[in-house]
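Numbering (this note's numbering), first residue to last: 207 to 535. Okay, structure first, notes after.
Here's what the structure looks like:
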């Protein structure tokens with residue numbers, strides 16, 4: 207888990223800094239920055255951008271507030287919750303109880319939602335929502351059902367090396383609250399949840415592939431072997447009936463080493479009867495989506511025409527004792 211001990215103390219109210227002996231002259235000088243009125247943060251610091259935004263938001267917190275959403279998940283060591291979506295910053299979200307008196311500021315989002323015992327924890331003197339509750343709030347606040355699915359899948363993924371919560375924990379939070387705006391898309395996300403997705407782009411690609419081809423039985427990040435028990439690859443998506451493989455290529459796939467490995471793995475899978483369709487993140491955009499859907503349909507047809515499949519998802523004995531394989535089990 208990342209070290210967050212410095213975050214709660216990074217941005218502080220000027221009144222508390224004065225109580226600690228910092229002079230008014232120093233607070234007005236170049237040593238401090240002013241993210242919000244009444245708050246000061248040391249100038250010139252070089253830290254992760256999420257930490258700065260979270261620290262500034264924490265400086266605004268009043269009694270009766272709970273940090274939730276992506277910021278809570280980031281503090282608790284989750285991946286893919288850096289407060290950005292498609293290059294735009296997401297607001298830091300707070301749950302506000304009775305008497306919290308927290309006003310909305312740029313980059314913050316107070317929510318008057320209740321919480322129940324077990325949904326809030328103290329984390330290094332910061333009151334935050336549990337990962338399960340934070341994921342629930344992210345689902346409610348998502349702009350659509352796909353992004354709600356992204357939030358819950360990243361929070362519960364057993365593939366990503368991170369702190370995580372169980373899908374059952376998120377469902378328990380969902381069941382504990384009724385008549386909350388956003389529950390329709392949260393319900394849909396929980397109904398389509400896979401705990402094997404390894405990135406937001408994989409989740410978005412799976413939704414598009416399912417809508418286009420009508421396939422609901424995808425194998426998600428399941429190892430594939432040849433007849434001699436050699437590992438051919440771990441496809442992002444595999445249709446066990448047709449043999450269609452779909453790979454979601456994020457920005458890291460532009461690296462020459464990663465790209466070359468992708469090519470080798472693709473050839474191996476096609477040599478054993480699978481058709482491979484690679485989809486980059488830009489190809490999920492609204493403008494390119496029709497062409498991407500057509501590529502998926504053509505790939506599905508090609509998979510059916512490949513002939514006999516000579517691959518298997520049955521794991522050989524050596525796999526169960528191979529340490530890197532533990533991530534994918």
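Every residue gets a Cβ at the ideal spot worked out from N, C-alpha and C, and that includes glycine.
Just confirm the distance between the C-beta atoms of residue 401 and residue 363, as a whole number of angstroms; I'd bet it's less than 8 Å. In this structure residue 401 touches residue 363 by the C-beta definition: roughly 6 Å separates them, less than 8 Å.
Option nearest residue 242 by Cα separation, candidates 230, 266 and 291: Per the Cα distances, 266.
Give the DSSP-derived three-state secondary structure of residue 202 in the structure shown. Here the chain covers residues 207 to 535 and nothing more, so residue 202 does not appear.
At 3 residues or longer, what runs of the beta strand (DSSP E) sit wholly inside the region 331-398? Counting only runs of 3 or more residues that sit fully inside the region 331-398, the beta strand (DSSP E) segments are 332-335, in chain order.
Measuring alpha carbon to alpha carbon, tell me which of 493, 276 and 498 ends up nearest residue 484. It is 498.
Can you tell me whether residue 284 is buried or exposed, with buried defined as 16 or more other CB within 10 angstroms of its CB? Buried, by the Cβ-count rule.
Smallest Cα separation from residue 343: which of 297, 366, 328 and 367? Closest by alpha carbon: 297.
For residue 325, which residues from the same chain have a beta carbon less than 7 Å from its beta carbon, with the 5 sequence-adjacent residues on both sides left out? Scanning its chain for C-beta atoms nearer than 7 Å, with the 5 sequence neighbours on each side dropped, one finds around residue 325 the residues 335, 336, 339 and 379, in chain order.
Please state if the CB of residue 452 and the CB of residue 443 are separated by a distance shorter than 8 Å. Going by C-beta atoms, residue 443 is nearer than 8 Å to residue 452.
For residue 232 and residue 405, the rounded distance between their alpha carbons: Our two residues, residue 405 and residue 232, have alpha carbons roughly 45 Å apart in a direct line.
Can you have a look at residue 278 and say buried or exposed, based on whether 16 or more other CB atoms are within 10 angstroms of its CB? It is buried - the Cβ of residue 278 has at least 16 other Cβ atoms within 10 Å.
Option nearest residue 219 by Cα separation, candidates 236, 209, 240 and 535: Of 236, 209, 240 and 535, the residue nearest in Cα terms is 240.
According to DSSP, is residue 222 part of a helix, a strand, or is it coil? Residue state for residue 222 is assigned as helix, using DSSP reduced to three classes.
Pick from 299, 261, 376 and 482: whose alpha carbon is nearest that of residue 501? For the options 299, 261, 376 and 482, the alpha carbon positioned closest to that of residue 501 is the one of 482.
Nearest residue (CA-CA) to residue 419, options 264, 450 and 354: If we check each option's Cα against that of residue 419, 450 comes out closest.
Out of 520, 236 and 412, which one is the CA nearest neighbour of residue 422? Of 520, 236 and 412, the smallest CA-CA separation from residue 422 is found for 412.
3 or more residues per run - each beta strand (DSSP E) lying fully within the region 418-485: You should have 430-432, 437-439 and 451-455.
Does the count of Cβ pairs from the region 381-398 and the region 423-432 closer than 8 Å reach three? The region 423-432 and the region 381-398 do not touch, with fewer than three beta-carbon pairs separated by less than 8 Å.
Bridge partners of residue 533, per DSSP? DSSP lists no partner for residue 533.
On a CA-only basis, which of 486, 434, 295 and 517 is nearest residue 475? Give me that one, please. The residue with the shortest Cα to Cα distance from residue 475 is 517.
Would residue 257 and residue 322 be called neighbours here (beta carbons separated by less than 8 Å)? Not in contact: residue 257 and residue 322 (Cβ atoms no closer than 8 Å).
For residue 471 and residue 441, I'd like the C-alpha separation in whole angstroms. Going by the C-alpha atoms only, they are around 9 Å apart.
Buried or exposed, going by whether 16 or more other CB atoms sit within 10 Å of the CB of residue 410? Buried.
Could you check which residue in 234, 360 and 230 has the C-alpha nearest to that of residue 275? Considering only alpha carbons, the answer is 360.
Please work out which residues of its chain come closer than 8 Å, Cβ to Cβ, to residue 479, disregarding the five sequence neighbours upstream and downstream, and give them in chain order. Within the same chain, residue 479 has close Cβ partners 449, 512, 513, 514, 515, 516 and 517.
Could you give the distance in angstroms between the alpha-carbon of residue 510 and the alpha-carbon of residue 477? In a straight line, the C-alpha of residue 510 is about 14 Å away from that of residue 477.
Classification of residue 532 by the beta-carbon crowding that lies within 10 angstroms, buried from 16 upward: Answer is exposed; the Cβ neighbour count stays below 16.
Within the continuous alpha helix (DSSP H) that includes residue 262, where are the two ends? 255-266 is the extent of the alpha helix (DSSP H) around residue 262.
Should residue 523 be labelled buried (16 or more other beta-carbon atoms within 10 Å of its own) or exposed? The residue in question, residue 523, is exposed, as its Cβ has fewer than 16 Cβ neighbours within 10 Å.
What is the rounded straight-line gap between the Cα of residue 459 and the Cα of residue 347? Reliability of the predicted coordinates at residue 459 is poor, the pLDDT of 44 falling under 50, and the value obtained from them is presented with this limitation in mind. When only Cα atoms are considered, residue 459 and residue 347 end up about 30 Å apart.
Below 8 Å between beta carbons: does that hold for residue 281 and residue 210? It is a contact, given that the beta carbons lie within the stated cut-off.
Presumed contact (8 Å Cβ cut-off) between residue 271 and residue 301, rounded CB distance: Taking a contact as a CB-CB distance under 8 Å, the pair residue 271 and residue 301 counts as one, their CB atoms being some 7 Å apart.
Using only the alpha-carbon positions, how far apart do residue 330 and residue 366 sit? Rounded to whole angstroms, residue 330 to residue 366 spans 24 Å at the Cα level.
Starting from residue 246, trace the alpha helix (DSSP H) both ways and give me its first and last residue. Where residue 246 is concerned, there is no enclosing alpha helix (DSSP H), although the beta strand (DSSP E) it sits in stretches over 245-248.
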